[in-house]
Amino acid sequence: MTLPYIVLSCAMSIDGYLDTEAPRRLAMSNAEDFDRVDQLRAESDAIMVGASTVRRDDPRLLVRSADRQLKRIADGRSASPVKVTVTATGDLPAASSFFTAGDIDKLVYCPRGEAPRIASLLGDHATVVALSDLVTMHDVAEDLAQRGVKRLMVEGGGRLHTQFLREGIADELQLVIAPFFVGESRAPRFVEAGAFPWTATRRARLADTRRIGDVVLLRYALSERCPSGTPFSHVDGRTAAGDRVSAHDDPTA
Ligand SMILES: NC(=O)c1ccc[n+]([C@@H]2O[C@H](COP(=O)([O-])OP(=O)(O)OC[C@H]3O[C@@H](n4cnc5c(N)ncnc54)[C@H](OP(=O)(O)O)[C@@H]3O)[C@@H](O)[C@H]2O)c1
0 MTLPYIVLSC AMSIDGYLDT EAPRRLAMSN AEDFDRVDQL RAESDAIMVG ASTVRRDDPR
60 LLVRSADRQL KRIADGRSAS PVKVTVTATG DLPAASSFFT AGDIDKLVYC PRGEAPRIAS
120 LLGDHATVVA LSDLVTMHDV AEDLAQRGVK RLMVEGGGRL HTQFLREGIA DELQLVIAPF
180 FVGESRAPRF VEAGAFPWTA TRRARLADTR RIGDVVLLRY ALSERCPSGT PFSHVDGRTA
240 AGDRVSAHDD PTA
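Sequential numbering of the sequence shown, starting at 0, is according to numbering that gives the first Met the number 0.
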């Protein structure tokens, strides 16, 4: 089974943090960049975040632009991509925007042993998908492929990005660097420690860079499927126009 084309999207501080320790959400980027992220969402079949991001940020994970929604509908797709998360605890508030915003399919992946409990917690708010007792991102991606997902956007947080990177199944990383420091050792980092496929002797390919107002976008090709140059590249037969890119989530979205 061919896995979806997987784009990891993220914004971090100069010192590599995704957020602060404080409960208040941190806006990393700027309006132009949030629009770029919206375009990337519009090009995706599914958007995935970790359960901690659902709990902490309460993102809506919808395409915001009405024009982009209409174009998706004209193409025979839902107005926004399928929403996807993963949890072992099942601690996902039913009132969270993940479940309540948009008339969109929601998939919640979990370990097999937890599935009955989580399914009863979530009721009809989402489809609970039981995988093996240790959920890998490869298994999630494979299941999504079987559901027709050709392009998956992963919007964090760090624990999720870490697994996609360690497992070596991401095709592309779109990393935005915001022009400030967080400087809090317990704040979430872009990735956790671990063995990654890209090292000083096996370097990732820098496919593109772009200045977007006061932030910079770095686009890394992590597989042969990711072409260099134009950020919104042609993948799986669907062409994405030139002047677009994307990454993380607008905390207000
Ligand atoms: N700047 C950005 O671009 C950006 C984007 C997104 C998020 N963020 C920030 O990132 C922070 C959250 O990141 P994070 O690394 O703490 O968490 P995360 O990756 O969002 O979510 C981690 C949680 O997902 C579930 N999970 C992940 N892998 C799993 C697996 N293999 N099997 C079962 N469950 C799994 C677990 O949920 P359970 O605990 O429920 O079992 C785990 O605690 C927040 O502060 C958020 O604001 C920033």
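Just so you know, even glycine gets a beta-carbon here, dropped at the ideal spot from N, CA and C.
{"Item": "Proximity below 8 Å, CB of Glu-266 to CB of Thr-19", "Value": "Residue numbering for the chain in the displayed model covers 0 to 252; residue 266 lies beyond these limits and cannot be assessed."}
{"Item": "Beta-carbon gap between Asp-170 and Val-48 smaller than 8 Å", "Value": "no"}
{"Item": "Reference Val-85, options Asp-57, Val-127, Lys-70, Val-190, closest by Cα", "Value": "Val-127"}
{"Item": "Cβ shell of Gln-145 (< 8 Å), same chain only, five flanking positions each side left out", "Value": "Met-0"}
{"Item": "Any non-hydrogen atom of ligand 1 closer than 7 Å to Pro-22 Cβ", "Value": "no"}
{"Item": "Sub-8 Å separation of Phe-163 and Val-175 beta-carbons", "Value": "no"}
{"Item": "Own chain, CB closer than 8 Å to Ser-95, minus 5 neighbours either side, in chain order", "Value": "Val-53, Arg-54, Asp-57"}
{"Item": "Counted within 10 angstroms of its Cβ, other Cβ atoms place Arg-111 as buried (16 or more) or exposed", "Value": "exposed"}
{"Item": "Rounded straight-line distance, which links the Cα of Arg-165 to that of Ala-192", "Value": "10 Å"}
{"Item": "Exposure label - Phe-180; buried when at least 16 CB within 10 Å", "Value": "exposed"}
{"Item": "Met-0 Cβ short of 7 Å to ligand 1 heavy atom set", "Value": "no"}
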